[in-house]
Amino acid sequence: MLTYLILTVFGVLSGVTTVLFGFGGGFVIVPLLFSILTVDLGRGTSANPAAMHVAVATSTAVMVVNSFMATMRHARLGNLVAAELWPLAGYIAIGAGIGAMLATSASDDVMRWAFVAYLGVTILDCLLRRGFLSRAADDGPLPRMPAQFTAVAGIIIGTIATFLGVGGSVMTVPMNRRRGMDMTRATAMATPLTLPVALVGAGIYMLLPADAVAVSQWQVGSVDGLAFVVLVIGSLLGIRAAAPFIGRIPDGWHARTYLLLLVVVLIGMIV
Numbered sequence: 000m001l002t003y004l005i006l007t008v009f010g011v012l013s014g015v016t017t018v019l020f021g022f023g024g025g026f027v028i029v030p031l032l033f034s035i036l037t038v039d040l041g042r043g044t045s046a047n048p049a050a051m052h053v054a055v056a057t058s059t060a061v062m063v064v065n066s067f068m069a070t071m072r073h074a075r076l077g078n079l080v081a082a083e084l085w086p087l088a089g090y091i092a093i094g095a096g097i098g099a100m101l102a103t104s105a106s107d108d109v110m111r112w113a114f115v116a117y118l119g120v121t122i123l124d125c126l127l128r129r130g131f132l133s134r135a136a137d138d139g140p141l142p143r144m145p146a147q148f149t150a151v152a153g154i155i156i157g158t159i160a161t162f163l164g165v166g167g168s169v170m171t172v173p174m175n176r177r178r179g180m181d182m183t184r185a186t187a188m189a190t191p192l193t194l195p196v197a198l199v200g201a202g203i204y205m206l207l208p209a210d211a212v213a214v215s216q217w218q219v220g221s222v223d224g225l226a227f228v229v230l231v232i233g234s235l236l237g238i239r240a241a242a243p244f245i246g247r248i249p250d251g252w253h254a255r256t257y258l259l260l261l262v263v264v265l266i267g268m269i270v
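Take a look at the structure:
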């Protein structure tokens with residue numbers, strides 16, 4: 000019972016971070032589920048290698064709901080730039096297929112430490128490279144991304160995001176931030192760009208044979224069905240609770256809080 004209460008609370012947190020920071024829930028759900036499954040299964044047992052796979056797959060499935068609901072919220076508020084979504088979303092979908100297939104053959108340790116490395120590099124990049132923590136006050140049109148850059152960036156984002164179950168916001172938010180978007184719009188744009196990652200990745204993970212990574216009788220492929228339902232209930236509550244704060248966080252504090260959340264998740268995964 001305590002496990003499901005914890006899942007609900009963290010589901011709420013994933014909803015809040017999705018709608019306010021564009022995370023999609025992966026940075027909350029992956030470390031949580033990994034910890035729960037590792038404790039339940041026992042470190043060093045033959046079942047333990049399934050923990051990270053199930054955490055990533057379940058996180059990706061939850062992101063389908065989170066990113067869709069958050070996208071609807073931001074669309075109603077006019078925070079999305081439609082011209083910036085395509086063809087980037089299409090290339091992200093291609094990368095998502097690649098990332099999901101790579102994840103099915105990767106070891107638990109590889110996925111865990113890739114997650115840690117990804118977070119560490121992102122945090123250092125945001126701290127050391129200008130353009131994320133502060134931006135020039137420029138409300139002019141955004142610079143267009145070259146077609147080749149869009150294709151390469153989209154495939155890389157989709158591959159890494161689906162492999163790690165994190166949605167890709169940690170690449171799309173800093174990228175759009177440095178192009179001149181404020182944090183409200185940069186995080187809003189991350190939610191629809193998470194959808195192709197979530198849809199493609201979740202579809203592939205659910206088609207996998209459940210007995211290959213079985214940790215629960217409610218499992219669908221690599222997705223823990225019961226954990227998914229509990230997390231989604233919590234995340235919908237979180238999205239609803241956080242919606243009134245969209246656009247009301249000062250830009251500088253928004254960027255710093257975003258970075259602080261990444262540091263907290265990094266510490267949680269290492270410890």
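In numbering that gives the first Met the number 0, the protein residues as written are 0 to 270. Just so it is clear, CB atoms sit at the ideal spot from N, CA and C, and this is done for glycine as well. All of these numbers come straight from a predicted model, not from anything done at the bench.
Given residue i as reference, the closest of the options once Cα atoms are compared
i	options	result
residue 14	269, 232, 253, 248	232
residue 178	83, 258, 5	83
residue 106	265, 163, 170, 9	163
residue 0	235, 226, 247, 265	226
residue 51	74, 70, 102	102
residue 17	7, 241, 256, 119	241
residue 198	128, 118, 93	93
residue 112	254, 243, 159, 253	159
residue 146	89, 234, 251	89
residue 104	251, 267, 207, 243	207
residue 267	109, 119, 124, 85	119
residue 108	85, 37, 144	37
residue 85	126, 117, 144	144
For residue i: DSSP bridge partner residues
i	result
residue 147	Paired residues: none, contrary to the question.
residue 223	218
Cβ shell of residue i (< 7 Å), same chain only, five flanking positions each side left out
i	result
residue 2	35
residue 91	153, 156, 157, 167, 192, 195, 196
residue 269	115
residue 217	223, 224, 225
residue 142	178
Own chain, CB closer than 6 Å to residue i, minus 5 neighbours either side, in chain order
i	result
residue 56	204, 221, 222
residue 5	none
residue 161	95, 98, 99, 196, 200
residue 44	Residue placement at residue 44 cannot be trusted, given a pLDDT of 44 that sits under 50; what the coordinates show is reported in the next sentence. Excluding sequence neighbours, residue 44 sits near nothing in its chain.
residue 75	none
residue 252	none
residue 180	none
C-beta atoms of residue i and residue j nearer than 9 Å
i	j	result
residue 21	residue 186	yes
residue 26	residue 264	yes
residue 31	residue 67	no
residue 259	residue 132	no
residue 248	residue 12	no
residue 73	residue 190	yes
residue 169	residue 79	no
residue 70	residue 229	no
residue 65	residue 238	yes
residue 250	residue 173	no
8 Å contact criterion, which residue i and residue j should meet: CB distance rounded
i	j	result
residue 99	residue 200	5 Å
residue 149	residue 87	5 Å
residue 346	residue 33	The chain is shown from 0 up to 270; residue 346 falls before or after that span and cannot be answered.
residue 130	residue 176	6 Å
residue 165	residue 29	7 Å
residue 81	residue 182	At roughly 19 Å, the Cβ-Cβ gap does not stay under 8 Å, so residue 81 and residue 182 are not in contact.
Same chain, Cβ closer than 8 Å to residue i, neighbours up to 5 away in sequence not counted
i	result
residue 256	20, 248
residue 110	51, 52, 55, 102, 162, 163
residue 42	For residue 42, the predicted structure reports a pLDDT of 45, less than 50, and the residue's modelled location is therefore unreliable. The matter cannot be settled from this model.
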